[in-house]
Amino acid sequence: MTTKHLDFTSFKWLSLPAVIVLAIGFFTITSASSLQAQTTAATQSGSMTEVKPVVDLSAQHQLYRDQVENYRQKHKAYVIAKDQFKAHETLASIEAAVNATREVMLARQQVLISYLELLQLELQQTHGIELTHKQAAETSISALIVELKLYQDLVKQSNNRQQLQERTSEFSDLAEQLKATGYYTLSLLKLGQLQNVYDQTIALKIDLVEQVLADQTELEPAKQRAVAETEQFLSTVDQELKNQWTQLDNKQIKQINSNFYQQLTKKLNPVYADLAKSLSYLEELLNL
Numbered sequence: 007m008t009t010k011h012l013d014f015t016s017f018k019w020l021s022l023p024a025v026i027v028l029a030i031g032f033f034t035i036t037s038a039s040s041l042q043a044q045t046t047a048a049t050q051s052g053s054m055t056e057v058k059p060v061v062d063l064s065a066q067h068q069l070y071r072d073q074v075e076n077y078r079q080k081h082k083a084y085v086i087a088k089d090q091f092k093a094h095e096t097l098a099s100i101e102a103a104v105n106a107t108r109e110v111m112l113a114r115q116q117v118l119i120s121y122l123e124l125l126q127l128e129l130q131q132t133h134g135i136e137l138t139h140k141q142a143a144e145t146s147i148s149a150l151i152v153e154l155k156l157y158q159d160l161v162k163q164s165n166n167r168q169q170l171q172e173r174t175s176e177f178s179d180l181a182e183q184l185k186a187t188g189y190y191t192l193s194l195l196k197l198g199q200l201q202n203v204y205d206q207t208i209a210l211k212i213d214l215v216e217q218v219l220a221d222q223t224e225l226e227p228a229k230q231r232a233v234a235e236t237e238q239f240l241s242t243v244d245q246e247l248k249n250q251w252t253q254l255d256n257k258q259i260k261q262i263n264s265n266f267y268q269q270l271t272k273k274l275n276p277v278y279a280d281l282a283k284s285l286s287y288l289e290e291l292l293n294l
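Read in order, the letters of the sequence shown are residues 7 to 294 in the numbering used here.
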């Protein structure tokens with residue numbers, strides 16, 4: 007029996023797509039979190055009604071990280087079994103490699119499904135995203151979860167090398183869909199979080215000005231300058247957010263990739279800075 011044309015060293019797509027690795031960090035901490043905290047602090051200092059906090063997803067995040075760790079352990083076992091097969095090519099090593107391959111594929115599927123489910127929850131919790139974008143992302147995620155579960159069932163039924171090789175070949179299309187949907191949703195989350203902070207900042211600014219005017223007929227010169235400076239930064243933020251939403255509007259989900267997401271992240275860095283400066287000015291305005 008020959009094994010040269012079909013062996014476990016030729017198996018592809020047993021590693022996690024880059025978008026999954028990226029999301030591990032994204033779900034741990036997001037760049038907008040500190041701005042959200044600033045907005046909340048400023049809100050509590052002023053009179054604006056505080057926004058209702060989102061549901062705590064820490065348990066789901068921990069489950070996801072546990073599943074990633076389980077996948078890593080299964081992948082190590084797969085590598086060992088593969089090396090044993092290459093060294094011995096016995097029936098026992100073939101059986102061990104088949105089982106290890108199936109186990110790592112199933113562990114990977116669970117990570118991918120949980121990843122998409124967590125993306126869905128994050129999407130539902132994030133304000134600042136237009137309904138059309140949310141619906142497009144949720145539809146894509148739901149369809150992909152169904153496909154991944156069907157694929158998972160096929161993996162469970164695969165009992166030899168040939169069947170497992172077929173599964174790895176079939177996964178390439180799913181991986182491309184996963185990357186596009188993942189980067190699209192992560193882009194929405196980044197933009198939505200900033201949009202939400204911006205919207206709250208605008209509401210806070212209006213509320214603070216009204217609060218000041220309640221005690222006097224018009225703003226004092228120092229306060230007028232403070233408001234003007236704040237509005238200048240907020241105007242810049244508003245225009246840049248609109249530009250990024252327009253770019254996203256002009257893309258189909260399948261066109262979103264890692265390069266688009268990385269460029270978006272770079273372009274949003276100045277927006278973070280301007281929003282932070284605006285919030286700092288509003289806090290100063292409270293004390294003038």
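We treat Cβ as the ideally placed atom computed from N, Cα and C, and that holds for glycine.
Just mark residue i as buried or exposed, buried being the case when its beta carbon has 16 or more other beta carbons within 10 Å.
| i | result |
| --- | --- |
| Arg108 | buried |
| His139 | buried |
| Lys58 | Because the pLDDT of Lys58 is 48, which lies under 50, any placement of that residue in the model is unreliable, and the number read from its coordinates should be weighed accordingly. When all chains shown are included, Lys58 counts as exposed. |
| Glu290 | exposed |
| Ser178 | exposed |
| Lys211 | buried |
| Lys273 | exposed |
| Gln130 | exposed |
| Ile86 | exposed |
| Arg231 | exposed |
| Ser152 | This sequence places Val at residue 152; Ser is not what is there. Exposed. |
Could you check whether residue j and residue i sit closer than 7 Å to each other, using their CB atoms as the reference points?
| i | j | result |
| --- | --- | --- |
| Lys88 | Ala98 | no |
| Leu270 | Ser193 | yes |
| Tyr267 | Tyr189 | yes |
| Leu154 | Ile119 | yes |
| Ala142 | Ala106 | no |
| Leu233 | Asp280 | Looking at the sequence itself, residue 233 is Val, so the reference to Leu does not match. Their beta carbons are not under 7 Å apart, which means Val233 does not touch Asp280 by this criterion. |
| Val110 | Gln73 | no |
| Ala186 | Lys260 | yes |
| Leu195 | Glu128 | yes |
| Leu150 | Gln183 | yes |
| Thr207 | Ser284 | yes |
| Gln66 | Leu124 | yes |
| Glu237 | Val277 | no |
Of the residues the options, which one's Cα is nearest the Cα of residue i?
| i | options | result |
| --- | --- | --- |
| His133 | Asn256, Leu285, Asp205 | Asp205 |
| Ser241 | Gln201, Ser264, Glu226 | Gln201 |
| Asp159 | Thr191, Lys229, Ala209, Leu112 | Leu112 |
| Asp213 | Leu195, Glu176, Leu292 | Leu292 |
| Val5 | Lys257, Ile86, Leu288, Lys162 | Since the first residue shown for the chain is 7 and the last is 294, residue 5 is missing from the structure and cannot be characterised. |
| Leu156 | Glu176, Arg167, Gln66 | Glu176 |
| Arg114 | Ile86, His81, Leu124 | His81 |
| Gln258 | Gln199, Thr191, Glu237 | Thr191 |
| Lys181 | Asn263, Tyr70, Tyr77, Asn76 | First, the amino acid is wrong: residue 181 is Ala here, not Lys. Among Asn263, Tyr70, Tyr77, Asn76, the Cα nearest to that of Ala181 belongs to Asn263. |
| Gln199 | Gln79, Trp251, Glu95, Thr174 | Trp251 |
Using a Cβ-Cβ cut-off of 7 Å, state whether residue i counts as contacting chain C.
| i | result |
| --- | --- |
| Gln230 | Going by chain labels, chain C is absent from the structure shown, which holds only one protein chain. |
Checklist entry - Taking the runs of the beta strand (DSSP E) that are 3 residues or longer, which of them lie wholly in the region 174-219? => result If you keep only unbroken beta strand (DSSP E) runs of at least 3 residues inside the region 174-219, you get nothing at all.
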